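A quick write-up on the structure given underneath.
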Amino acid sequence: MILIPDNEKREFKYGILPNNLKYTIIYDKSADTSNVVMSVNTGTLYEPLEYMGLAHFLEHMLFMGSSKYKDEDYYFKKLKEFGGSSNAYTDDIYTVYYFDILSVNLNEMIDIFSRFFIDPLFNINSVSREINAVNSEHLKNLNNDNWVLRQIINNISKKDSIINRFGTGSHKTFGTNIEKLRNAMISFYNKYYCANNMCITIQSSRPINEIEKMIKKSFSDIKQKKIVHPIIPMSKFSSFNNEYHLITVDDVNIINYIWEMPEFKEFNDNKIIDIIRNGILFNCKNNIENYLIENNLANNIDIGYFDTGLFLLSIEVLPNKSKDVYYKINDIVKYYFNHLKYFNWNLVYDYNVKLYELNYNNQMKGSNSDLAMKICLNMHIFDEEHVYNGHKLVIKKDYVKLMKCLDYLKFDKVNIIYATQTKLGSNYKKDKYYEKYYCKLSKSFINNNNNNNNYNFNICINSDILNIKPKIIKNLDKYNIPKKMAPKFWYGGVSKFKEPIVLGEICIQSHKFFNSKRTLLTTVISIKIINYYMNLLFSNEINIGYNIKMTLNYRTSSISLIIDGYNDKYIDLFNRIVEKIVDINPSDTLIKSNISLLKQSLENVNKSSAWELSTHLLSTMINKYVYYYKDELKEIKNITIDMVKDRITKLINIRKLPITTTIYGCIDNKHLHNIITFNSNNKIDKISSMKMPNSITIKHPNKKEINICISYVFPIHTKKMNPLLSAKLVLLNAIMERPAFDVLRTKMQLGYLVRCKLTLDDISYIRLSVMSPLDYKKVEEAMETFINTSMKEIFETTTTSDFNNLKKSIYDILTEKHNSLTEMASSYLGEITIQEYMFDRNIRIANKIKHISLNDIVDLYHSIIKVKKVIKVV
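The numbers in UniProt numbering rise by one with no breaks, and the one at position 405 of the sequence shown is 405.
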């Protein structure tokens with residue numbers, strides 16, 4: 001029997017087919033959409049070294065048809081017709097395939113999907129195209145420092161280490177012998193794609209016994225085989241205290257500390273890695289991160305763990321620091337990790353055990369797709385009881401093993417990679433996959449003398465916060481649609497999802513925080529500093545999962561103070577935040593550091609991908625208060641510490657600002673009279689109108705960027721909400737979306753990133769974008785062919801039946817019921833922010849669908865392509 005939390009409404013059934021394929025069925029009667037996830041316990045680490053990237057390549061090829069459904073486009077054609085979407089990913093250990101679809105069409109789609117794992121075609125004619133697709137996927141990551149760093153970590157491991165490999169795949173690793181590659185792929189498939197190495201999860205509103213019949217019918221023919229999984233040894237590096245330098249693409253300065261650890265299987269039940277990570281990052285005054293920030297050394301730290309058994313600490317050093325900063329930070333890290341085991345880890349462990357239980361039994365209902373994914377992976381690791389909660393709870397505390405793991409993290413067992421643009425060494429070599437330079441340093445930045453400093457680090461646990469008692473309040477659903485309880489104060493109540501959560505928002509709506517480049521820059525800096533201090537002021541709440549932060553929305557020219565958390569004593573917390581925030585008084589040093597960090601961030605826009613730069617250009621053209629990054633770079637030189645202090649003072653005195661307050665969730669409105677009131681006389685500003693975009697061509701400022709991006713933008717004025725026009729645009733985008741991918745990416749092989757996306761606003765637009773390593777003229781010509789020729793053929797071949805099926809799917813998607821508190825809130829609260837209060841927006845659009853003919857869509861298409869704008873980053 002699967003163990004589930006106290007507030008879980010969905011039903012679950014676990015089973016194993018005669019061929020040993022494990023499955024879990026999730027029954028959610030309130031969900032209109034079904035989710036299907038298949039995970040295979042094989043990935044990059046299983047590949048033959050002569051074909052690195054083979055697992056990823058196989059992932060691509062499985063979508064290319066089966067003996068039963070031979071058309072390589074059939075799967076995606078049906079998904080589009082049935083209102084669904086699909087994707088897959090490959091990592092070190094697993095390959096995962098998933099799709100969502102309207103539940104009424106689930107049976108047919110499962111049968112098509114199952115053939116991936118029974119009789120895939122592996123058509124030789126598809127091989128070349130998918131080699132190019134995988135290569136394009138790799139090329140989009142060439143200038144991504146995170147991808148490069150991971151590869152360098154692999155490179156510096158022992159030559160025979162299982163992690164010393166490249167996972168994505170490329171032309172270089174696949175070679176030119178297509179037949180040989182195909183045979184290797186089929187051999188890999190036959191070896192690892194077997195029933196006893198697979199798990200499937202299906203979530204649906206269809207009855208459990210019906211879903212179980214589908215699983216048995218469609219997946220029982222998959223063969224089972226004897227599998228030998230690779231062993232991941234503890235030892236991955238030949239020596240320690242080695243220091244390396246990686247020349248980065250972005251102007252950053254990050255110190256990466258890498259330790260060997262046992263592989264992930266050692267920690268599934270005891271959660272030791274999570275406990276250590278939580279302890280180091282525990283939000284309190286005496287942690288290592290706050291020490292580095294307050295001493296003007298670093299901006300933040302992060303901790304990661306790779307399933308292969310690597311523990312990674314990354315410290316982002318502040319800009320404009322000399323090389324001496326490495327000595328200082330290494331001294332601090334050395335002291336901290338050598339003294340790590342002297343903290344009260346028993347208290348830390350017990351605190352986290354209780355915290356996991358609190359959050360588990362009072363959790364927000366995550367998306368069905370995420371739950372299906374997690375359960376599917378958990379089936380490979382945990383027994384039936386724990387497939388739902390295995391990753392959420394400490395199943396078995398193991399304090400002895402925790403202390404042993406802390407010994408692995410001694411400083412004499414670390415290797416270090418400094419990632420920065422400035423050269424630190426000599427004899428650099430080029431990585432053969434990402435073509436970035438790195439070297440082993442001959443000069444060390446580690447002081448070998450004994451560190452006599454006493455840094456007074458600690459993990460300040462306050463267990464009292466765990467005594468809160470969240471509760472499900474009944475009979476609130478009549479308040480699902482928010483109601484104005486007072487001027488500029490909205491309330492909505494929800495009981496049906498059994499989530500004891502309240503989502504609170506104080507929304508500042510004033511153009512004076514956005515109306516010039518200088519104003520906006522000081523606002524951005526101020527919000528980051530305010531968030532830093534709120535993390536300290538409300539560390540107890542944030543440590544247990546409360547979301548307390550300021551956010552900024554460029555489109556609506558608004559700043560929101562978000563206060564999300566459990567409903568027990570929520571009003572007291574809300575009031576305390578409003579009262580305490582006015583005490584924030586930042587140091588000049590912290591302000592100066594944050595000005596430098598924003599300047600660095602703006603400079604790094606030069607190194608962003610062509611896709612990101614294209615998106616930025618479009619945003620500056622259509623939004624009144626989004627400014628071109630080069631103009632902001634000129635302006636940031638004029639930002640002073642006093643300007644930022646003045647802006648912070650204005651923002652923290654929130655009661656004096658033009659605001660709208662919303663409280664939404666599992667909370668009774670009879671308690672709201674205790675909430676702090678605000679001055680309702682301050683007039684909130686209306687949202688600025690969008691501007692029509694223009695065509696523009698720019699050269700990418702990064703000469704090493706090999707990709708170009710071309711975006712065709714089809715804009716149309718929709719000043720006042722027009723449900724009929726919106727419905728037509730939704731249908732048109734649905735007709736264009738999949739063919740754009742099939743023609744431009746799959747058939748024409750222009751590049752990995754191809755997207756067709758609709759934005760509905762007062763100026764609505766469809767954006768068709770391609771990022772490609774090819775010549776921009778060739779890409780532009782191909783896109784013109786698609787717009788003028790392919791779309792004409794699509795309209796001509798779309799039958800009345802096809803169009804009616806599409807209309808039904810779109811109608812069902814638009815009228816899909818909310819499935820969680822956050823889904824419902826995001827639908828309603830945005831309407832309050834944009835001051836339109838159209839809480840049934842999607843229903844209005846859906847109700848127009850039936851009145852639309854295919855000729856209406858063709859006419860709309862011809863009208864908007866006449867006014868198309870082209871944004872080129874070349």
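Don't be surprised by glycine CBs; every beta carbon is placed ideally from N, CA and C. Please read these numbers as outputs of a predicted model, since none were measured by experiment.
*Can you check whether the CB of residue 558 is closer than 9 angstroms to the CB of residue 833?*
yes
*If you pair each beta-carbon of the segment 713–732 with each one of the segment 654–668, do three or more pairs fall below 8 angstroms?*
no
_Tell me the rounded alpha-carbon separation between residue 358 and residue 629._
44 angstroms
*asked:* Assuming the contact rule is C-beta atoms closer than 8 angstroms, residue 884 and residue 52 should be a hit. Round their C-beta distance to whole Å, please.
replied: Nothing can be reported for residue 884, as the shown portion of the chain is limited to 1 through 874.
*Please check the pair residue 550 and residue 530, which I expect to be a contact at CB under 8 angstroms, by giving their CB distance rounded to whole angstroms.*
5 angstroms
*Kindly indicate which three-state DSSP category residue 113 falls into: helix, strand or coil?*
helix
*Could you spell out where the beta strand (DSSP E) holding residue 165 opens and where it closes?*
Premise fails: residue 165 is in no beta strand (DSSP E) and is neither H nor E.
*asked:* How far does the beta strand (DSSP E) with residue 717 in it extend, from its first residue to its last?
replied: 708–717
*DSSP state of residue 545, grouped into three classes?*
coil
*What whole-angstrom Cβ distance do residue 17 and residue 204 have, given they're in contact under 8 angstroms?*
About 18 angstroms; that fails the 8 angstroms criterion.
*For residue 34, the residue or residues it bridges with in DSSP*: 101
_Check for me: the beta strand (DSSP E) holding residue 798 runs from which residue to which?_
Taken as a continuous stretch (DSSP letters only), residue 798 belongs to no beta strand (DSSP E), as it is neither H nor E.
*With DSSP as the reference, label residue 724 as helix, strand or coil.*
helix
*For residue 838, is the classification buried or exposed, using 16 other Cβ atoms within 10 angstroms of its Cβ as the cut-off for buried?*
exposed
*Between the C-alpha atoms of residue 429 and residue 522, what's the straight-line distance to the nearest angstrom?*
42 angstroms
*C-alpha gap between residue 828 and residue 482, whole angstroms*: 7 angstroms
_Selected residue, minimal CA-CA separation from residue 776, among 706, 681, 660_ = 706
_Reference residue 44, options 297, 3, 95, closest by Cα_ = 95
*Are the CB atoms of residue 81 and residue 802 nearer to each other than 9 angstroms?*
yes
*Quick one: measure Cβ to Cβ for residue 652 and residue 582, integer angstroms, because I've assumed they're closer than 8 angstroms.*
5 angstroms
*What does a CB cutoff of less than 6 angstroms around residue 538 pick up in its chain, not counting 5 residues either side in sequence?*
548
*Member of 851, 364, 57, 105 whose CA lies at the smallest distance from the CA of residue 129*: 57
*May I ask you to report which of helix, strand or coil DSSP gives residue 150?*
helix
*asked:* Cutting at 7 angstroms between CB atoms, please list the residues of its own chain near residue 615, excluding the five before and the five after it.
replied: none
*List the residues that DSSP assigns as beta-bridge partners of residue 198.*
40
*To which residues of the same chain is residue 773 closer than 6 angstroms at the C-beta, ignoring the five residues directly before and after it?*
139, 706, 707
*Do you know whose CA, among 198, 224, 860, 79, lies nearest residue 792's CA?*
860
*Going along the chain, which residues of its own chain have a beta-carbon closer than 7 angstroms to the beta-carbon of residue 697, five neighbours each way excluded?*
872, 874
_residue 228, buried or exposed, once every other Cβ within 10 Å from all chains shown has been counted against 16_ = exposed
*Can you tell which of 21, 431, 817 has its C-alpha closest to the C-alpha of residue 212?*
21
*Return the chain-ordered list of same chain residues with a C-beta closer than 6 angstroms to the C-beta of residue 13, the five sequence neighbours on each side being excluded.*
25, 208
*Alpha carbon of residue 566 to alpha carbon of residue 841, nearest angstrom*: 29 angstroms
*Spatial neighbours of residue 533 in its chain, beta-carbon cut-off 6 angstroms, leaving aside the 5 residues before and after*: 584
*List the endpoints of the continuous beta strand (DSSP E) containing residue 300.*
298–306
*asked:* Using a 10 Å radius around the Cβ and a threshold of 16 neighbouring Cβ atoms, would you call residue 198 buried or exposed?
replied: buried
*For residue 90, three-class secondary structure by DSSP*: strand
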